[in-house]
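In the working numbering, the protein residues as written are -17 to 315.
Using N, Cα and C, we set each Cβ at its ideal position, and we do this for glycine too.
One structure is given here, and the rest of the page talks about it.
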């Protein structure tokens, strides 16, 4: 992604705080059986219309910053009318659900909208506030976490690793995406600023491991912790929903991140910095192996102590955060 495209992406993906726009009142995590729904939701996925005994129906998954829910639209015998409604909005659009009804289906809440009394209407951007649809860590928290990362960068003593980190973090466009990128679509830290929070968690766990195992190369491990998920800055995009970019789908953040690091190292060498090839190989191995298993997406398994440490730090932070998020979701029901 070139600098101009990055600037455009930043402008459209950092959530504006526009209090003048219409705000949601019915959030998904507050919906209960029997409640009538009249509110705005973001379209996360769609399934093609199908026939049933009374006509044509389709279902979609909608979301807001509190979660997801399935919506089923029950149309009549006019198949073309239902198809036109289905075609009137796309994934990522915000829709206004009118006179929907919350009900249980197979022990799961869903919203049913019947053609004879309800409707689904696509909204224009001036009708909604983005911050209602995608969760955000919060600006003060994001800045606090980023200050921690800056302090970690300044503590790296290896001159080559420090120069590499400086190349990344003196780039304002990169920093803005690094601050705001989510860490996942669903699993953990799936909100604006989530990947920054995850990175800080991994760094702190790596420090603890260095305190326990003094033979670990601390500068290498901390640099790996800071950079291990930078590929996610190009893997994800977000507006009303979090989604993958084309590179995210086709390549994935591990390979993207390794490529980004190699490009910066090559740039340093062109500018007269003799970045050691062995150090590049060690750092690359940390990035490529941090998922730990081939079946988990890493093209190679950890083969150094630092790679092993980074993998388990990443695994620990992501799994514990996922568990906490699931508990929070249960407690909100």
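Taking all protein chains shown into account, do 16 or more other C-beta atoms lie within 10 angstroms of the C-beta of residue 92, making it buried, or fewer, making it exposed?
Taking the chain shown and counting its residues from 1, one reaches residue 92 at position 110. Residue 92 should be labelled buried.
Spell out the partners DSSP gives residue 85 in its beta bridges.
As a working mapping, residue 85 is identified with position 103 in the chain shown. BP columns for residue 85 point to 92.
Which value, in whole angstroms, describes the spacing of the CA atoms of residue 295 and residue 208?
Here residue 295 refers to the residue found at position 313 of the chain shown. Here residue 208 refers to the residue found at position 226 of the chain shown. In a straight line, the C-alpha of residue 295 is about 12 Å away from that of residue 208.
Quick one: which unbroken alpha helix (DSSP H) runs of 4-plus residues sit fully inside the stretch 166 to 241? Chain order, please.
176 to 194, 200 to 209, 214 to 217, 228 to 232
Counting contacts by CB-CB distance shorter than 7 Å, is residue 205 in contact with chain D?
The displayed structure is made up of one protein chain only, and chain D is not part of it.
Determine the DSSP secondary structure at residue 78, reduced to helix, strand or coil.
One-based indexing of the chain shown puts residue 78 at position 96. Here residue 78 carries a strand assignment [DSSP, helix/strand/coil].
Measuring only the C-alpha atoms, how far is residue 301 from residue 215?
Looking up residue 301 in the chain shown gives position 319. Looking up residue 215 in the chain shown gives position 233. Near 21 Å, if we compare the C-alpha coordinates of residue 215 and residue 301.
Three-state secondary structure (DSSP) at residue 163?
By one-based count along the chain shown, residue 163 stands at place 181. The three-state secondary structure of residue 163, taken from DSSP, is coil.
With a threshold of 8 Å, are at least 3 pairs of Cβ atoms found where one atom belongs to the stretch 28 to 37 and the other to the stretch 55 to 62?
yes
Best match in 293, 288, 286, 287 for proximity to residue 280 [C-alpha to C-alpha]
Along the chain shown, one-based indexing puts residue 280 at 298. The shortest Cα separation from residue 280 among 293, 288, 286, 287 belongs to 293.
Please list, in chain order, all residues of the same chain as residue 239 whose beta carbon is under 8 Å from its beta carbon, the five residues on each side excluded.
The sequence position of residue 239 within the chain shown is 257, counting from 1. If you ignore the 5 residues before and after residue 239, its C-beta comes within less than 8 Å of the C-beta of 209, 210, 211, 212, 213, 214, 269, all in its own chain and listed in chain order.
Quick test of your reading: residue 178 and residue 127, contact by CB under 8 Å. State the CB separation rounded to the nearest angstrom.
As a position in the chain shown, residue 178 is number 196, starting the count at 1. As a position in the chain shown, residue 127 is number 145, starting the count at 1. The Cβ separation is near 5 Å, so the contact holds.
Residues near residue 164 by beta carbon distance below 7 Å, same chain, minus five either side:
Residue 164 sits at position 182 when you count from the first residue of the chain shown. Within the same chain, residue 164 has close Cβ partners 171, 172, 173, 174, 176, 177, 218, 220, 224.
Determine the direct distance from the alpha carbon of residue 306 to that of residue 283, and round the result to whole angstroms.
Position 301 of the chain shown holds residue 283. Position 324 of the chain shown holds residue 306. Cα to Cα, residue 283 sits roughly 28 Å from residue 306.
Local conformation of residue 110 per DSSP, three classes:
Taking the first residue of the chain shown as 1, we reach residue 110 at position 128. It is coil, neither helix nor strand.
Selected residue, minimal CA-CA separation from residue 263, among 27, 273, 243, 66:
Indexing the chain shown from 1 puts residue 263 at position 281. For residue 263, the nearest C-alpha among the options comes from 243.
With C-beta atoms as the reference, is residue 114 less than 7 Å away from residue 6?
Taking the first residue of the chain shown as 1, we reach residue 114 at position 132. Taking the first residue of the chain shown as 1, we reach residue 6 at position 24. Their beta carbons are under 7 Å apart, which means residue 114 touches residue 6 by this criterion.
Note down, in chain order, each residue of its chain lying with its Cβ closer than 8 Å to the Cβ of residue 105, except the 5 sequence neighbours on either side.
Reading the chain shown from its first residue, position 123 is the one you call residue 105. If we look at residue 105 and ignore the five residues flanking it on each side, its Cβ neighbours are 22, 75, 76, 77, 78.
Going by DSSP, name the residue or residues bridged to residue 38.
Translated into positions along the chain shown, residue 38 becomes position 56. In the DSSP output, where bridge partners are listed per residue, residue 38 has 33.
Three-state class that DSSP yields for residue 23 in the structure shown
The count along the chain shown starts at 1 and reaches residue 23 at position 41. It is a strand residue.
By DSSP, does residue -10 sit in helix, in strand, or in coil?
Position 8 of the chain shown, counted from the start, is the residue given in the question as residue -10. Unreliable placement is indicated for residue -10, whose pLDDT of 46 sits below 50; the coordinate value is still reported in the next sentence. DSSP places residue -10 in helix when its eight states are reduced to three.
Whose C-alpha, out of 109, 232, 186, 102, is nearest the C-alpha of residue 133?
In the chain shown, residue 133 corresponds to position 151, counting from 1. Taking only the C-alpha atoms, the option nearest residue 133 is 186.
Are there three or more Cβ pairs, one per stretch, closer than 8 Å when the stretch 80 to 87 is compared with the stretch 253 to 260?
no
Endpoints, the beta strand (DSSP E) within which residue 51 is located:
The residue given as residue 51 occupies position 69 in the chain shown. Start and end: 49 to 56.
With a Cβ-Cβ cutoff of 7 Å, do residue 121 and residue 100 count as a contact?
Residue 121 sits at position 139 when you count from the first residue of the chain shown. Residue 100 sits at position 118 when you count from the first residue of the chain shown. Their beta carbons are not under 7 Å apart, which means residue 121 does not touch residue 100 by this criterion.
Please classify residue 129 as buried or exposed, where buried requires at least 16 neighbouring CB atoms within 10 angstroms.
Within the chain shown, residue 129 is the residue found at index 147, counting from 1. By the neighbour-count rule (16 or more Cβ atoms within 10 Å), residue 129 is not buried but exposed.
Under 7 Å between the Cβ atoms of residue 362 and residue 267?
With the chain running from -17 to 315 in the structure shown, residue 362 is simply not present.
Assuming the contact rule is C-beta atoms closer than 8 Å, residue 138 and residue 50 should be a hit. Round their C-beta distance to whole Å, please.
As a first step, residue 138 must be located in the chain shown, where it is residue number 156. As a first step, residue 50 must be located in the chain shown, where it is residue number 68. Incorrect: roughly 40 Å between the Cβ atoms, too far for contact.
Whole-angstrom C-beta distance between residue 41 and residue 54, which should lie under 8 Å
One-based indexing of the chain shown puts residue 54 at position 72. One-based indexing of the chain shown puts residue 41 at position 59. Correct: roughly 5 Å between the Cβ atoms.
Cβ-based neighbour list, residue 192, same chain, cut-off 7 Å, excluding 5 preceding and 5 following
Numbered from 1 along the chain shown, position 210 holds the residue referred to as residue 192. Excluding residues within five positions, the ones whose Cβ falls inside 7 Å are 198, 200, 203.
Three-state secondary structure assigned by DSSP to residue 43
For the purposes of this step, residue 43 is taken as the residue at position 61 of the chain shown. If DSSP states are grouped into helix, strand and coil, residue 43 belongs with the strands.
Proximal residues to residue 308 (C-beta, below 7 Å), its chain only, five neighbours per side dropped:
Counting from one through the chain shown, the residue named residue 308 turns up at place 326. So no residue of the chain qualifies.
Do residue 285 and residue 146 have their C-beta atoms within less than 7 Å of each other?
Taking the chain shown and counting its residues from 1, one reaches residue 285 at position 303. Taking the chain shown and counting its residues from 1, one reaches residue 146 at position 164. Against a cut-off of 7 Å, the Cβ pair of residue 146 and residue 285 comes out as no contact.
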